[in-house]
Amino acid sequence: MNKEVRERSPLYRAVIAGYGSFAPEKKLTNEELAKMIDTSDEWITDRTGIKTRHITTDSESTAFLATEAAKKALAEAHLDAGELDLIIVATITPEMVFPSTASFVQRNLGAKKAWVFDLAAACSGFVYGLSIVQQFIESGRIKNALVIGAETLSKITNWSDRTSCILFGDGAGAVVLEKSEDGRKGIIYSNMFSDGDCWQALNCQAYGSRHPANKKLEDPKKIYMEIKGREVYQQAVRRIVEAVTDCLEHCGLSIDDINMVISHQMNARIIESAAKRLNLPDEKVFLNIAEYGNTSAASVPIAFNECVRSGKIKRGDIIIFVAFGAGLTWGANVIEF
Ligand SMILES: CC(C)(COP(=O)(O)OP(=O)(O)OC[C@H]1O[C@@H](n2cnc3c(N)ncnc32)[C@H](O)[C@@H]1OP(=O)(O)O)[C@@H](O)C(=O)NCCC(=O)NCCS
Numbered sequence: 077m078n079k080e081v082r083e084r085s086p087l088y089r090a091v092i093a094g095y096g097s098f099a100p101e102k103k104l105t106n107e108e109l110a111k112m113i114d115t116s117d118e119w120i121t122d123r124t125g126i127k128t129r130h131i132t133t134d135s136e137s138t139a140f141l142a143t144e145a146a147k148k149a150l151a152e153a154h155l156d157a158g159e160l161d162l163i164i165v166a167t168i169t170p171e172m173v174f175p176s177t178a179s180f181v182q183r184n185l186g187a188k189k190a191w192v193f194d195l196a197a198a199c200s201g202f203v204y205g206l207s208i209v210q211q212f213i214e215s216g217r218i219k220n221a222l223v224i225g226a227e228t229l230s231k232i233t234n235w236s237d238r239t240s241c242i243l244f245g246d247g248a249g250a251v252v253l254e255k256s257e258d259g260r261k262g263i264i265y266s267n268m269f270s271d272g273d274c275w276q277a278l279n280c281q282a283y284g285s286r287h288p289a290n291k292k293l294e295d296p297k298k299i300y301m302e303i304k305g306r307e308v309y310q311q312a313v314r315r316i317v318e319a320v321t322d323c324l325e326h327c328g329l330s331i332d333d334i335n336m337v338i339s340h341q342m343n344a345r346i347i348e349s350a351a352k353r354l355n356l357p358d359e360k361v362f363l364n365i366a367e368y369g370n371t372s373a374a375s376v377p378i379a380f381n382e383c384v385r386s387g388k389i390k391r392g393d394i395i396i397f398v399a400f401g402a403g404l405t406w407g408a409n410v411i412e413f
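Numbered per our numbering, the sequence shown spans residues 77 to 413.
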């Protein structure tokens with residue numbers, strides 16, 4: 077690693093002490109979707125890599141999923157919820173308009189000491205969240221934090237739009253970050269980017285202040301997610317390559333130094349195409365989209381949890397998290413695990 081990055085080593089680093097994920101039991105397979113809309117397992121698998129996705133029932137909310145993932149991460153970290161300093165929930169499908177989903181998670185966990193907020197950066201929310209915690213821990217302001225990505229995208233999916241409904245699923249993933257004085261391990265570097273000019277590429281317009289609930293919608297479909305798939309596809313490949321390249325350059329690392337890249341799981345073809353441009357071999361790219369579809373902010377922590385538990389990464393490995401999504405937003409974290 078670049079000497080400058082090593083020497084910049086802050087007094088404290090944010091180390092991943094625990095991780096966990098949770099997905100609703102109910103699944104919706106491509107075959108089942110093909111009975112609802114004009115599509116096929118072959119088309120979906122070929123264009124996206126998705127085979128099935130987890131879907132919440134009416135009684136399963138975002139805070140419920142987030143809490144279940146958080147409990148697993150806390151158990152892994154051997155940390156009592158009462159000791160938490162900060163809880164961030166990254167989501168675009170919050171529990172309600174307010175209070176924040178994080179407030180419900182705090183209540184569910186009994187994390188009395190924590191200050192809490194939601195982070196709305198769509199699919200990049202978890203990566204943005206880690207970057208924020210990195211700053212607070214490095215400055216010595218907090219000693220630990222819980223960052224959760226949690227989504228119930230099925231609740232804002234237009235199930236009659238075959239160009240979008242095949243893509244999304246529900247779930248949650250969480251990590252506990254703790255202050256460490258071992259300068260080597262932890263989050264080494266983060267970058268974050270955005271481009272509001274492209275907001276129309278991915279959006280869900282109702283019911284915010286532009287389309288309040290007390291006014292009849294001109295287009296009732298505005299309560300659902302809208303995507304311009306082709307536009308997003310091209311941007312996503314470009315931005316993932318850009319974020320990872322910046323990480324490598326900034327840290328003085330090469331692809332050989334990286335053990336695994338865990339990308340937001342938006343489409344296997346997008347990830348493979350970005351990996352090819354980065355000269356990343358297959359074994360350094362983790363994919364679990366076949367089982368989950370795109371779970372937005374939850375996707376990176378769910379993938380990370382599965383990657384660790386399946387033994388594909390181990391303590392001491394250097395990994396990169398990278399995400400891209402609505403906003404547009406994108407960013408990455410370099411972590412010595
Ligand atoms: C959505 C996505 C899978 C579509 O794949 P694509 O190869 O770009 O496909 P196109 O949109 O060009 O459509 C190709 C054809 O398939 C058809 N099609 C679209 N959805 C279909 C479906 N579910 N089943 C069968 N055919 C479908 C289209 O109508 C079109 O038909 P036509 O050629 O007769 O007009 C792809 O663009 C994508 O993954 N984009 C990014 C997804 C995204 O936004 N994720 C969230 C951001 S993180």
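Even glycine gets a Cβ: it sits at the ideal position worked out from N, Cα and C. Computed from a prediction, not measured in an experiment: that's the story for all the values here.
Remark: the shortest separation between the CB of Cys199 and any heavy atom of ligand 1 falls under 8 Å.
Beta bridge pairing from DSSP links Trp406 with Phe269, Phe400.
Contact between the stretch 98-118 and the stretch 383-396 is absent: fewer than three C-beta pairs spanning the two stretches fall below 8 Å. Between Glu254 and Val91, the gap from beta carbon to beta carbon is short of 9 Å. DSSP places Arg345 in the uninterrupted alpha helix (DSSP H) bounded by 344-353. Excluding residues up to 5 positions away in sequence, Gly125, Ile126, Gln341, Ala344 lie with their Cβ nearer than 6 Å to the Cβ of Ile365 in the same chain. Counting C-beta pairs with one atom in each stretch, the stretch 183-192 and the stretch 242-259 have fewer than three that are closer than 8 Å, which means they do not touch. Short of 8 Å from the beta carbon of Ile338, and not among the five residues preceding or following it, lie these beta carbons of its own chain, in chain order: Phe362, Val376, Ala379, Phe380, Cys383, Ile395, Ile396, Phe397, Val398. Around the C-beta of Pro170, 16 or more other C-beta atoms lie within 10 Å, and the residue is accordingly described as buried. If you keep only unbroken beta strand (DSSP E) runs of at least 3 residues inside the stretch 133-201, you get 162-166, 191-195. In this model, Thr105 and Ile316 are separated by some 28 Å (Cα to Cα).
Taking 8 Å as the cut-off, the C-beta of Ala379 does not count as close to any heavy atom of ligand 1. The closest heavy atom of ligand 1 lies less than 8 Å from the beta carbon of Val308.
Note that the C-beta distance between Ile303 and Ala282 is not below 9 Å.
Following the DSSP letters along the chain, one finds Phe98 in no alpha helix (DSSP H) but inside the beta strand (DSSP E) bounded by residues 89-98. At least 9 Å separates the beta-carbon of Ile389 from that of Asn355.
The nearest non-hydrogen atom of ligand 1 is less than 8 Å from the C-beta of Leu243.
When DSSP states are grouped into helix, strand and coil, Phe413 belongs to the coil group. In the three-state scheme derived from DSSP, where H, G and I count as helix and E and B as strand, Gly249 is classed as strand. Judged by DSSP in its simplified three-state form, Leu243 adopts coil rather than helix or strand. A distance below 7 Å between beta-carbons, with the five flanking residues on each side excluded, links Thr143 to the following residues of its chain, in chain order: Val181, Asn184, Leu185. A residue is called buried once 16 or more other Cβ atoms fall within 10 Å of its Cβ, and Gln310, having fewer, is exposed. Just measuring C-alpha positions, the residue of Ala408, Thr233, Ser85 sitting nearest Leu109 is Thr233. Taken from the Cβ of Ala312, at least one heavy atom of ligand 1 lies inside 8 Å.
With three or more CB-CB distances shorter than 8 Å, the stretch 252-268 counts as touching the stretch 212-226. Three or more Cβ pairs drawn from the stretch 266-278 and the stretch 197-216 lie within less than 8 Å of each other, which places the two stretches in contact.
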